[in-house]
Ligand code: ADE
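Numbering (our numbering), first residue to last: 4 to 244.
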């Protein structure tokens, strides 16, 4: 997958994309991330990327020309790839695991990081296919949301996670939260690992884990449990408590 990120702060991305799983995904050639500095497309002698809003009001608005030209530049670099352009903005639909899964099937994404009081509406109308928010709070810009989106999508690409880090067991992937996990030592500060996990009885362990997932979801995120598709076995496990 290729992801082109249009931003006025490309340096913000350097460290997060050069660590851990995202770094390995790029090294393995599973993910190609291009950072495009919108400012370098400004034709203004001061390299301005924002201006006062027509009609007055507080704050600045991102100018259309550098964004249009940056977008045309990245599209021209690989014109045959089917492309989806996403604007990160608090006005977008809230990001979710289901959206991450949907986006992970695409070959190429262009992300536009918004700033200031907003972005010239013509960018939205002409270039943007979809607007995404990462939650109902306002950040200083779309860079951190873009990183969140890239991280969530990248780990779903085939081959990015090893079998030991599989995405299948994730919280949310089946609409439930994950069960509790333990590792060595077996007793720590007098706190013991649940006996069933040491039993070697795989069916018993599976049932215990499923039940813990269900109970946790009911306790912490009752809204998710309402939406989850529960089997007869799930319903029985929930009735036991
Ligand atoms: N830009 C500022 N706040 C944002 C948010 N919550 N999601 C996406 N983009 C944003």
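We put the CB at the ideal spot given by N, CA and C, even for glycine.
DSSP state of residue i mapped onto helix, strand, coil
| i | result |
| --- | --- |
| residue 97 | strand |
| residue 184 | coil |
| residue 22 | coil |
| residue 242 | helix |
| residue 229 | helix |
| residue 136 | strand |
| residue 34 | coil |
| residue 147 | helix |
| residue 237 | helix |
| residue 47 | coil |
Inter-residue spacing [alpha-carbon to alpha-carbon] between residue i and residue j
| i | j | result |
| --- | --- | --- |
| residue 98 | residue 133 | 11 Å |
| residue 21 | residue 27 | 8 Å |
| residue 155 | residue 12 | 21 Å |
| residue 66 | residue 131 | 15 Å |
| residue 115 | residue 24 | 23 Å |
| residue 166 | residue 159 | 12 Å |
| residue 76 | residue 108 | 24 Å |
| residue 102 | residue 29 | 22 Å |
| residue 89 | residue 237 | 38 Å |
| residue 234 | residue 209 | 14 Å |
| residue 85 | residue 129 | 16 Å |
| residue 40 | residue 162 | 30 Å |
| residue 220 | residue 46 | 53 Å |
| residue 164 | residue 33 | 11 Å |
For residue i: DSSP bridge partner residues
| i | result |
| --- | --- |
| residue 191 | 194 |
| residue 121 | 64 |
| residue 78 | Answer is none; residue 78 lacks a bridge partner. |
| residue 87 | 112 |
| residue 10 | 40 |
| residue 5 | 35, 111 |
Mind the definition here: the region 133-143 touches the region 181-196 only if three or more C-beta pairs lie below 8 Å; say whether that holds.
-> With a cut-off of 8 Å, the region 181-196 and the region 133-143 do not count as touching, because too few Cβ pairs lie within range.
Are there three or more Cβ pairs, one per stretch, closer than 8 Å when the region 77-87 is compared with the region 47-56?
-> Remark: fewer than three beta-carbon pairs, one from each stretch, lie closer than 8 Å, so the region 77-87 and the region 47-56 are not flagged as touching.
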